[in-house]
Structure formats: C-alpha cells, structure tokens
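To start, the structure under review is shown below, and the notes come after it.
Number of protein chains: 4
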Amino acid sequence: MTNLKVTVWNEYRHEKQNEHVASIYPEGIHNAIRGYLKTFDGFEVRTAVLDEPEHGLSDEVLNGTDVLIWWGHLAHSEVRDDIVEKVRARVLEGMGLIVLHSGNGSKIFESLLGTKTGSLKWRDDGEKERIWVIEHGHPITDGLGDYIEIPKEEMYGERFDIPAPDELIFISWFEGGEVFRSGCCYRRGKGKLFYFRPGHETFPIYHHPDVLKVIANGVRWAAPVQGASLSSGRVAPLELRN
Amino acid sequence: MTNLKVTVWNEYRHEKQNEHVASIYPEGIHNAIRGYLKTFDGFEVRTAVLDEPEHGLSDEVLNGTDVLIWWGHLAHSEVRDDIVEKVRARVLEGMGLIVLHSGNGSKIFESLLGTKTGSLKWRDDGEKERIWVIEHGHPITDGLGDYIEIPKEEMYGERFDIPAPDELIFISWFEGGEVFRSGCCYRRGKGKLFYFRPGHETFPIYHHPDVLKVIANGVRWAAPVQGASLSSGRVAPLELRN
Amino acid sequence: MTNLKVTVWNEYRHEKQNEHVASIYPEGIHNAIRGYLKTFDGFEVRTAVLDEPEHGLSDEVLNGTDVLIWWGHLAHSEVRDDIVEKVRARVLEGMGLIVLHSGNGSKIFESLLGTKTGSLKWRDDGEKERIWVIEHGHPITDGLGDYIEIPKEEMYGERFDIPAPDELIFISWFEGGEVFRSGCCYRRGKGKLFYFRPGHETFPIYHHPDVLKVIANGVRWAAPVQGASLSSGRVAPLELRN
Amino acid sequence: MTNLKVTVWNEYRHEKQNEHVASIYPEGIHNAIRGYLKTFDGFEVRTAVLDEPEHGLSDEVLNGTDVLIWWGHLAHSEVRDDIVEKVRARVLEGMGLIVLHSGNGSKIFESLLGTKTGSLKWRDDGEKERIWVIEHGHPITDGLGDYIEIPKEEMYGERFDIPAPDELIFISWFEGGEVFRSGCCYRRGKGKLFYFRPGHETFPIYHHPDVLKVIANGVRWAAPVQGASLSSGRVAPLELRN
C-alpha cells in the first residue's frame, strides 16, 4: 500500500500575532497536526500556509495531495478565488477535505456546500464541551469512548447553516446551554468532506489525544477511492431504435 | 378542505396507577393532547387506549385515521402483534404516525425502523431540557423561537439506536451533560413518521404550549398526501424488443 | 390564505433565434408555464427574462417572489454574478426555487449545490423518456400515475454531478439506454429547491399535462414556510457556570 | 490484517429442483460466489444453506461471521423467526449484510428496513439490464466502468418499497422500459447493509465478472469497524446541578 499524502493547510496568522497562541502552538497549528500524523506509518505529511506563494497550494502540491486539512479564521477573504476553485475541483475529482473549527467560514467550505456556512452562534469564554458520538460504527469514531470531553473551548451553537450532512457522527454539548453538529460527513463528486468542530486557537485543542485521533481517522476515511471510470458530454445511443 | 382525522393512542396505565401522574393528567395524556388539538378548526380528534378491545384500533378506526399519535411506556409488550402489523401497513399506505417520548420503545416504532429503537441513555431526575431547532424552515418548527425550554424532564441521551433520520429537526441539550436527536422525520412507504422526544408522565409536558404546538404542526406535516398511483407485481414490457 | 407569488424566469433566447422553437413557444417558455399556472386559484404569476434590466430580478421582484422557476441554457454565463448571489441569498432565507432541464448548468444551481452540476451525458435526438415515480407519497407526485411518458425528448444520462438529493422522487428511463435522476429535492437554509429534468426547447414539453402538473405541484411544495425564528453571532451563555 | 470472515447463505432449492438452474450453478449459487471470493487473499469464506440445522447459522457461525451474503427466493417463509432475529441483532452489532436479488423479499431484509421490501414490479423474460454507476467515488464501484451490462436478466421495476437508501450507488435500465434502484447502502446500528439487485437463478449472473467484482467490493465495504464504545440504560449525570 502506498502512503497517503496529506497536506495540512493553516492560515498561520494568530500564532504570529498573539503570544498566547504562539505559546500553545510554537510552530503553528499545522505543525502540531503534522507532528501527530507523522507518528503513524502510512502518512506522508506536508504543510502549506496562507502567506506562501499560491498559499502553498501550487498545482503540483494539490495534484500530489490525497487529503487536505484546512484551518482558517481571520483571513478567509485573503484566500484567492482561483485557488479556492482549484481546491474545489480537486475535491470533486476525489481529494479528501477535512475542515476544522473556524474553517466553517472559509471560501472552500462555502463553495462546496452552497449555504452560508459561516453562520452559527459562538462565544469564546473557554467553556466545557462534550462531543457525543452519534454513529458508533463509523470509522471516524474508531477507538473513542461514548464522548470526547474538552475542558475549555470556544462554543459554536446551532443553527449552523449547512446542508443536512450525509452522515452526522458527532453532536456537541456546551456548558453554556447550546448544542452543535460537530462531526459532519459529505460526499461531493468523487471526493469526501469531513467537518470537525473543535479547535479554537487559544486553547490546546490540537494536543488533545482524542481530537488528534479523530483527525487521523478522518484522513483515512477521506482518502480517495479509485472508484468507477466516468464519462460525460454528448454520447451516442447504446440501443438501436425500435 | 375536509377535516384531518386524528387518533391519539395512549397506553393509559400510569395515570390510573400513580396519583401524581393522575394529578397532572386527570383524564389521561391522550385527553390532554386531544383537548389541545380540538381548539383548532380542521382537526377531528378521537382517542384510543390499550385496554379497549383491539386497543381501540379496530379496522374501522384505523381506516378512518389520517394521523395516529402514539404514547406508550410500561406495557409495550402487551400490544398485540397483529394490531402492530395493521398499524404498520396503514403507515406504509399513507397514514401519518407521531411517536412521543417513551413510544421509542414501542413495537410499532421498532417495526417501522428496524433498529433497537428502545436503546438509549436515560435518567428521570427532572432536569432542564433545551430543545434546539435545527431546521428553521421546516413546517414542524412553525411559530417557534430558537429553542424550547422545559424546566423539568426525563433525560434521554445518545446513542439513540435509530436509522439516521430523513430530516433531523430538533436536538436536545440536558442539564446533566447529554444531547439527543429529539425531532426525527422519516418517510416510509407512502407514510410519514415523526418522533418527538419530550413527554415524561411525571411532568406536565403535554401542557407546555410549545410542545403542544409542535405536536399540532407534526399532525399537519404527517397528513396523508394522495400522491401517485402505484402498481406492483408481474408486469408486461412497455417496450417491444429490438 | 394569501396568493403564492411565482416568478417564471426564462433566458428567452432560443425562442427569438430559432423558428422551430418559436413555433412551439410563440410567447416563450416562460409564458407557456405562466399560462398554465394562471389557470389555478392561489397563484399570482409574473415572468422575468435575461435581457430585461437586472434580468427582470430587481430587489423588489425578488423580495416579492415566493417561488422562482428557472429555465436557462445558451447564456448561463451572461447572468450577472451579483444577481445570482441575490437569488441564492433569497433561497437561503426561504424562497423556493424550481430549476428546469438545462437550468442544471446555471450559476444559481451550481452555487447552491456546490458540485459541477452542468456535468452529465446528453443527446438531443428526440427519443422516448419515461419518468418513473419513486416516492408515491410525495406531494410533487400528486395526481400522477406510475410514470410520465414523453414521446420525444433530449436525453440526459448519469452520472449527473449533484450531491445526493435529500429526496429523489423521479428516475428517467431513455430509449437509447440511459437513466437519470430527474426529480431531486433539496433543502438549503430555509429554502427548498426542486430540480425537474424534462424541458428541451425543441419539443413541446411544457405543453405536456403531466409535466405541467409536476411544476404546479413543485411550486406548492417549494412555497416558503414561516418556520422558527433564528439568531446567530455572539451570544451570552444561557446557563450559569457551575 | 486478519482475514475477513464471510458466510455465503443460500436458500439452495432452485438448484436442486430445476435442471436448468443446476446446469448453471452445479454446486449452488453459494458455491459460485464462494469460489470467486476465495480467489482473493484476505477472505475466509464458508457457506450455509436453508436445509442445514439452524439454516447453517448457529451462534458459533454467526459470531464468527464478519459479512453475511444472503440469497433467497422460494422459501423466505421457511426461515425461522428466531434465526432472523439473531441475524438482525448481529447486523446491529456490526456484522455486514449483503442482500442479493430476490433476497429483497426475505424476512431479514424486511425486518431491518421496516417497509414491505418484497414489493416491486417484475418480469422474468430474460431481457437486457444496464446497471449505471451513480456514485463513481464509492468503494463498491471500484474498478467498474460507467455501467455493467447483463444480456439476460429478470427485470425488477420501481416502485421498490424501501426506505430511501443512505447511499444510492446503482440504477438499472431495463430493455422493457423500467428502472430500478439496484445498489442501495444502509447503515443500521453499527452494521452496514448493501442490497445488490442482479442475480436471477435462471441466468448465469454470478459468473459475470463485474457482478462478482461488486460483491467482493461490497464485502470489503460492509466489513465491521471497531468504532466507538457504546453504553445505554440508566446513567448518572455528568454535570453537577447549578
């Protein structure tokens, strides 16, 4: 089996602008995630960030990526439309996409789902989140217990403006009284898309063992499948007329 | 427009065995719901209970019912299999079915969904429930705010062993830390099925205005649609062979 | 009950450029559909076409539209992006949208679904189509038989690059050997979206009684629902901290 | 990786009663499928038939089965209810189930789906079937082209009385004018269920390379996933009261 090629994309601004965030993620959120994924055989992991040329997502990188992980927040609007369109095309051709936390407001997530995915309730008071598993037989939940508990998180609350997920695998409970669809799987074109909610930059979420486990499971789940060949456009009839 | 014929079915045992329940529902849960539905034009509402002959669900009653509301808890096993099968057949032919609270463990709910629908977490400590609206454009949520709050309820927690709903319209938050898919819509055969979670017998849930509103909305949503005609069995080809 | 306000949008180019099309639709496809819908009480129907200012879709028109019907083909690229964005916003707020036939390639359809909805197989040889009803209890199929037969149609064949529909209600059989998901229902934001396949401009499809019946049923199904009120953004906690 | 344990269950009556069927499947349909699956590393395949004690499905066999393949037709009613219930429980615990062709009318299929799954149109005239791939990125379609063509088959036509599949991956075209949802994936409890239509006993369907490929892909797809641990029943609150 060949290695799965993973690219972890990060906006990488908070870490450079905010000392507290930098203390949690000294090499950036992308490298925290990459560091974990590298502990497994079978993943080949690189990173890309907003301020690199082409946001680090050249054709060569994109064509060499099986699964793309996306974290953004402050600077969604700075992501170039032509690159968003290339990412979208790659997903429809089969590349997996994992969108984390505030990536819900990214252009790529909105363009693939069609709704105002940035719309939700929020509150960054550092409250408890309990992420309940809804589909216990789903590969993304492999190795978890009944729930994941995160002591301090930003709250996201419904209504989250997404199309009903093809598979809803996690629902979050928040101390302040809200709920959220925190694990949402979609199939679009030949590609698979997984939205996973946790991850505020001011908390050490990407050091939490269960959060990292879900991301690794998500990468495996979102990996491209060869599938069937596909043609389109004008075609001759397969049957003769009566 | 002709009236919608609604039958409210209740096991009707708690109310006769427990003074506290009787004080909340002196004429039974079925009559509390019937009393509310009767305040609207367009509903024609009768009741049926377990201890009547054929559980009050004769062929005549079932054939004259557009939407059946079901509340059961203690005595699921006493419901006759042949009557469950008749109810199931009527749903597949187009009768709406609204299953309330502990009706999740009923034979009719399990037979239509196929999973062990009685399986969930629970705790009857009388804690706060907040039922969040997930689909704001759905007719069953008509006239609600962002959520329904119930001061004291029995908790039901995930994982609830149901097939993923065709439409998930409510998710509950519980004070004790759990979440639950509390409003689940299904289409089975020509019929529509709505599961609505609130309703423990020891609390005055069926006097709560928003809970009652949802039940009335659910009845309207689940009403039969004439739809298309349907045939099955051996058929002659529609096309000549080449 | 107030009237349902319907706007029928047509690109309206084929009818002006091609005598054969003009002979079938002397006043345009939009007026053929409008003429039918006007025969019912309860619909208030206007039309809008590409070459009008703002494509006939001013804010006033859009805000006064409950359900928008869309037919386009040659000139998808001429539709202004800002107007597409306004239509999309209105759908997410609750306006119904019915996309007909080659409208599958329109900007509005693609922007709401996120996939390359223009991708499919096709052949305009005028072959027989048989549209089978898949969900007989669905209101859009009201009054139909087991199938609709159209003697001469353009073929559209799978794979159609759409997200799996929330409800699949029609599948087409074509004489030349293909199949197609011809009736697809989606819920996006507070709005409902119905794609209905038949309708090539060189055949009198919008004079076919069953096709027209489905369009009228679709308008009723897609009508806005008041639903629940909705808030988003930063919110205070509903619960006190422990 | 440990081997996947597959049990191929066959009613095994046609082959013993009909010379023509016996000439196509001299050792039974079960052994035709087993013979193919055995050509792969990673599958450990046994068979079970109706007329064995406990229909060959003892607790030991069921508990040692990862994926069960089911073919039945004449004798659905002879399958013991207690064994159906055991199979259903195993599926909900995670065992994969692949139901072939006329298995649509089996007790196990109906009990897991809840609708009258035996209801469809049919005609056994030996006509052409073309099975179109609808989801090209799905692992069950791996290695296929745009469609599978079968020169002579029994026709099954819609409306097929099933719940809308969680994933619809194949749609069939029939020479006589019908269509059918031929590849339907469901998730029930922790288990996965795949219905695959082709397979009439009087034609050599289970010698067709693409049909066999789909069955092998289906077995891999339906394999159990460890997933998350699960608890149910009365639970103590996770949060202290305010």
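For the record, the sequence lines run as chains S, G, Z and E. For the first sequence, numbering that gives the first Met the number 0 assigns the number 0 to the initial residue and increments by one for each residue that follows. For the second sequence, numbering that gives the first Met the number 0 assigns the number 0 to the initial residue and increments by one for each residue that follows. For the third sequence, numbering that gives the first Met the number 0 assigns the number 0 to the initial residue and increments by one for each residue that follows. For the fourth sequence, numbering that gives the first Met the number 0 assigns the number 0 to the initial residue and increments by one for each residue that follows. The beta-carbon is built from N, C-alpha and C at its ideal position, and this holds for glycine as well. Being a predicted model, the structure only gives us computed values, none of them experimental.
Runs of the beta strand (DSSP E) lying entirely within the stretch 61-129 of chain Z, each at least 3 residues long, are 66-70 and 95-99 in chain order. By the neighbour-count criterion, in which a residue is buried when 16 or more other Cβ atoms sit within 10 angstroms of its Cβ, Lys189(Z) is buried. For Ile161(E), no alpha helix (DSSP H) run applies, since DSSP gives it neither H nor E. When Cβ pairs closer than 8 Å are counted between the two stretches, the stretch 74-92 of chain S is seen not to touch the stretch 89-109 of chain Z, the count staying below three.
Assignment of Tyr24(Z) by DSSP, reduced to helix, strand and coil, places it in the coil class.
Here Leu36(G) carries a helix assignment [DSSP, helix/strand/coil]. Nearest CB-CB separation between Ser230(S) and chain E: below the 9 Å threshold.
In summary, Phe39(Z) is exposed, with fewer than 16 beta-carbon neighbours lying within 10 Å of its beta-carbon over all protein chains present. Between His100(G) and the set Val210(G), Arg233(G) and Leu229(G), the nearest pair of CA atoms involves Val210(G).
Taking C-beta atoms under 8 Å as the contact rule, Glu238(G) and Gly63(E) fail to qualify, at a distance of about 47 Å.
In the structure shown, Lys212(Z) falls within a helical segment according to DSSP collapsed to helix, strand and coil. Contiguous beta strand (DSSP E) elements confined to the stretch 170-212 of chain Z occur at 178-187 and 190-195, taking only those with 3 or more residues. Under the DSSP definition of a beta bridge, Gly156(Z) partners with Lys120(Z). Excluding five sequence positions before and after Lys85(S), the CB atoms of its chain that fall closer than 8 Å to its own CB belong to Leu56, Asp58 and Leu61, given in chain order. Check the Cα spacing between Val224(S) and each of Gly136(E), Pro164(E), His207(E) and Lys212(E): the tightest is with Gly136(E).
In this structure Tyr155(Z) touches Trp121(Z) by the C-beta definition: roughly 5 Å separates them, less than 8 Å. Listed in chain order, the non-local C-beta contacts of Val178(Z) below 8 Å within the same chain comprise Gly156, Glu157, Ile170, Ser171 and Trp172, local neighbours out to five positions each way being set aside. Shown here for Glu92(S): same chain residues with a beta carbon closer than 8 Å to its own, the five before and five after excluded, namely Gly188, Lys189 and Gly190 in chain order.
Of the candidates Ala88(Z), Ala222(Z), Gly226(Z) and Phe202(Z), Ala222(Z) places its Cα closest to the Cα of Thr6(Z). At least one beta carbon of chain Z lies nearer than 9 Å to the beta carbon of His137(G). Nearest CB-CB separation between Ser171(Z) and chain S: not below the 9 Å threshold.
For Val218(E), the CB contacts under 6 Å within the same chain, skipping 5 residues up- and downstream, are Val5 and Val66 in chain order. For Leu167(S), the beta-bridge partners assigned by DSSP are Cys183(S). Collapsing the DSSP output to three states places Ala235(G) in coil.
When Cβ-Cβ separations below 9 Å define contact, Thr6(Z) makes no contact with chain G. The beta carbon of Ile149(S) is closer than 8 Å to those of Lys127, Glu128, Arg129, Ile130, Pro197, Phe202, Ile204, His207 and Val210 in its chain, skipping five residues each way along the sequence. Contact residues of the stretch 120-136 of chain G toward chain S are Arg129, Trp131, Val132, Ile133 and His135 (C-beta to C-beta distance below 7 Å). Interface flag for Val234(S) against chain Z is set, since a Cβ pair is found closer than 9 Å. Residues of chain G whose Cβ lies closer than 9 Å to the Cβ of Arg79(E) do not exist; the shortest such Cβ separation is about 17 Å.
The Cβ atoms of Gly71(E) and Asn9(E) lie closer than 9 Å to each other.
Sequence-ordered contacts of the stretch 60-85 of chain E with chain G are nonexistent [C-beta pairs closer than 8 Å]. Residues His13, Glu14, Glu200 and Thr201 of the same chain have their beta carbon placed closer than 7 Å to that of Val20(E), with the five preceding and five following residues left out of the count. For Glu43(G), the uninterrupted beta strand (DSSP E) run begins and ends at Phe42 to Val48, by DSSP. Taken residue by residue, none of the stretch 203-231 of chain S has a beta-carbon sitting less than 7 Å from a beta-carbon on chain G.
By the neighbour-count criterion, in which 16 or more other beta carbons inside 10 Å mark a residue as buried, Asn30(S) falls on the buried side.
If you check the CB distance, Arg180(S) and Leu192(S) do not come in under 9 Å.
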